[in-house]
Amino acid sequence: MPRAPRKYVPKVKGCYECSQRRINCDRGEPECAKCVSKGLACSGIGSRYRFRNGLAVKRKGDPLRNRLSRSSDQHGFSLDSEQSSSGRLGQTSVHQELLPFVSIVEEKVDDNHGQPVRYDVVIEPEENATQHTRISVLPCLNHITPWQRLLLKHFSDHIAPEMVVIDDRNNGWRSLVLPLACMDELVMSSVMAVSAFHISERAESQQLVNSTMLYSKAIHNLQKRQNLHQYDIHARYRIIVSIIVLLLGMMVNGSSDFPIMFRMLQSALDMVNGETVSAAGSKVIAEFSASQIRKMRVYASPFISQDEGVSAVTTQIRQNWADQQLYLQSYPAHSRALSLISKLRHQAFHIYLNRASSVEDGTTAPEDLISTFRQMLESFPEALPGEHVLVWPIFIAASESF
């Protein structure tokens, strides 16, 4: 005979912890005895909420913008209804005494995105120092990939400090070149190539990126902009900065393309009627470019031809480097080292000019030029900044010593 159906008995639910242990809960309140005996935290009888403390349940009829407004009020900044639709620019209210003075280059057009971008953040003190100052947040840099960030950081940490006597906030290789690289593909490709070459020389066993490929890309991007007349003044000085960055890498690597790139720099300057025209775009970039071009001419011209070397060195020997006076004013404690650096440079200039003038008769430089250089070099203070900028003067003096 078929078994008679059992009478339906509704299931008695206990606590969640007992159900997970697959045992019958005694339904004790506020905590069941079985959980207490095992030392477990019993959730008790009733509805079990699956939200953690601090998380709110989504409410109907509560727009996202209203919730963002409440959240922004709690964190001390306002959600401005007049913000651009892109959502990349915001305003933050911060305390004036916590803010340093910030000045970043202004740029009109972003070539990568075709949108106007203003890289200009200037914080000016108000009458009451305790008031809040509103500053514009820079556009986010989501278009920069992780490997590009790695190379940018390497350029900032290992290349930019070697290009100046004293590495500080006035180092244009970091404060000017890197922001331009984040805005312009041509400058970015030049920085990537130089940084990749530098990394490959420091870690030959692990090649993180293909430096040759990045160099070819930089040259290709430069060739696409060879007609400077069709660009505005801002694009022109970005092209010139890119050439300067590439020349830096070629000079260090001893690339055979250096004379060609150096001629390209001179042609670019001739197209824009010289170095001073760049000042119409940005004074800071113009001064940085002009200063680096003068250094390139002094250091590179002797390796291109004797006539160009004599002309560049003769011009430079009549004037100090543009940053020499700035360093003396900013770092009076290092005045002795800075003065010696200037004297060693001028002594190397005299050694080179003496060699160039006497190359036909085969005479060597007077012994006092070499001995004076050696004495000044030996008196250079130890553990002071600036030794790395003496590579060129030491090379000239050492070459004449043989």
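As numbered in full-length UniProt numbering, residues 1 to 402 make up the sequence shown, in order.
Think of the CB as a built atom: it goes at the ideal place given N, C-alpha and C, for glycine as much as any other residue.
- The segment 169-183 makes no contact with the segment 212-229, as fewer than three CB pairs between them are under 8 angstroms.
- Contact between C18 and I45 is absent: CB atoms are separated by about 10 angstroms, not below the 8 angstroms threshold.
- Per DSSP, the continuous alpha helix (DSSP H) segment holding L151 begins and ends at P146 to H154.
- Per DSSP, M261 is one residue of the alpha helix (DSSP H) stretching across F258 to M271.
- When only Cα atoms are considered, Y331 and I166 end up about 9 angstroms apart.
- For the set Y327, V284, Y352 and I370, the Cα lying nearest the Cα of G309 is the one of Y352.
- Residue environment for G249: buried (at least 16 other C-beta atoms within 10 angstroms of its C-beta).
- Pairwise C-beta distances place the segment 141-158 in contact with the segment 176-183, as three or more of them are shorter than 8 angstroms.
- For the pair P381 and R336, the CB atoms are nearer than the 8 angstroms cut-off.
- In the structure shown, P2 adopts coil according to DSSP, grouped into three states.
- Restricting attention to alpha helix (DSSP H) runs no shorter than 4 residues, the segment 292-338 encloses them at 306-317 and 324-330, ordered along the chain.
- Your pair T314 and Q347 does not check out as a contact, with CB atoms roughly 15 angstroms apart and the cut at 8 angstroms.
- DSSP, read as helix, strand or coil, puts Y16 in helix.
- Taking the Cα positions, N354 is about 45 angstroms away from L150.
- In the DSSP assignment, G39 falls outside any alpha helix (DSSP H) and carries neither an H nor an E.
- With a 10 Å radius around the Cβ and a threshold of 16 neighbouring Cβ atoms, V391 comes out exposed.
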